[in-house]
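These notes are about the structure you will find just below.
Residue numbers (the working numbering): 186 to 451.
Below, the structure written as structure tokens:
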């Protein structure tokens, strides 16, 4: 990047209302606000702390934050950071970009776009020159960026999402996980997370988490060398009574009954 100066360019081409390069100082803060257009923030350097829906998310180099219209959020940075930003127009465009975003990115989301950081020097160069040809070049790059983000959500990100989700839940079976914890870990809104999990697994996030705990408990109970006290502790239950109550609710028998049943059927 040239010199990390802040500057804005307006009316690039449909549907881009503004593109900008902002250099924010240490301890910079923008209080909660919202806007009536889609906004992209692509972090070039430093760290941005983005708060939405009561949760704070950390954006580092290469991460893109996409915020749909009318979603209140605030921003701050203790270290300072440098960004490339896109503000889209509010009215529908003839290319259908806004319709694409409405269909596939209805909620706040963070995408790792670090593999395409080489686009940023080109965007900065064209934005500083800003000729008629530059407008076309910038619009073409931004069109590709939006389509790429949507494709990542539609295709490749589905596998990554499932793997990330299951890895996180399985690593924390001994903790009291909340929807908020999972939403923050995966950097997507709680409502969008619930939709994705129901689509992939046919149940809500906490139901999936509890099913994984039950599966692990059943696996432990099938191995006679694990005591019920050991299992209860390893899965983060307050005591064996709490574990037994939880287990019976899900399996319709106590842990002891389940173990006897499994041993009898071996």
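Beta carbons are placed, not taken as given, at the ideal position from N, Cα and C, and that holds for glycine.
{"query": "Please determine, among 244, 401 and 363, the residue with the shortest C-alpha to C-alpha distance to residue 269.", "result": "244"}
{"query": "My guess is that residue 292 and residue 368 are in contact by the Cβ rule of under 8 Å, so how many angstroms apart are they, rounded?", "result": "Actually they are not in contact, since the Cβ atoms of residue 292 and residue 368 sit about 10 Å apart, beyond 8 Å."}
{"query": "Can you have a look at residue 231 and say buried or exposed, based on whether 16 or more other CB atoms are within 10 angstroms of its CB?", "result": "buried"}
{"query": "When the distance is taken between beta carbons, is residue 296 closer than 8 Å to residue 249?", "result": "yes"}
{"query": "Among all the DSSP beta bridges, which residues are the ones paired with residue 261?", "result": "214 and 234"}
{"query": "Taking 8 Å as the cut-off, does the region 252-262 touch the region 221-237 (at least 3 CB pairs, one atom from each stretch)?", "result": "yes"}
{"query": "Report the residue ranges of all alpha helix (DSSP H) runs contained in full by the region 254-341; include only those spanning at least 4 residues, in chain order.", "result": "282-289, 304-314 and 317-339"}
{"query": "I'd like the span of the alpha helix (DSSP H) that includes residue 384, first residue to last.", "result": "375-386"}
{"query": "What residue range is occupied by the uninterrupted alpha helix (DSSP H) comprising residue 203?", "result": "Looking at the DSSP string, residue 203 is not in any alpha helix (DSSP H); the run it does join, the beta strand (DSSP E), is 201-209."}
{"query": "Among 319, 252, 386 and 310, which has the Cα closest to the Cα of residue 287?", "result": "252"}
{"query": "Cα separation between residue 229 and residue 308?", "result": "12 Å"}
{"query": "With 16 other CB atoms within 10 Å as the buried threshold, where does residue 332 fall?", "result": "exposed"}
{"query": "Tell me which residues share the same chain as residue 365 and place their Cβ nearer than 8 Å to its Cβ, disregarding the 5 neighbours each side in the sequence.", "result": "239, 240 and 375"}
{"query": "Could you give the residue range of the beta strand (DSSP E) that holds residue 371?", "result": "It is not in any beta strand (DSSP E) - residue 371 instead sits in the alpha helix (DSSP H) that spans 364-371."}
{"query": "Give me the Cα-Cα distance between residue 422 and residue 433, rounded to the nearest whole angstrom.", "result": "14 Å"}
{"query": "Can you give the beta carbon distance from residue 191 to residue 207, rounded, assuming they're within the 8 Å contact cut?", "result": "5 Å"}
{"query": "What is the rounded straight-line gap between the Cα of residue 430 and the Cα of residue 419?", "result": "16 Å"}
{"query": "So is residue 282 buried or exposed if we call it buried at 16+ other beta carbons inside 10 Å?", "result": "buried"}
{"query": "How many angstroms separate the CA atom of residue 320 from the CA atom of residue 380?", "result": "37 Å"}
{"query": "Using a threshold of 8 Å, state whether the C-beta atoms of residue 299 and residue 265 are closer than that.", "result": "no"}
{"query": "Would you call residue 360 buried or exposed, if buried means 16 or more other Cβ atoms sit within 10 Å of its Cβ?", "result": "exposed"}
{"query": "Within this structure, are the beta carbons of residue 289 and residue 338 separated by less than 8 Å?", "result": "yes"}
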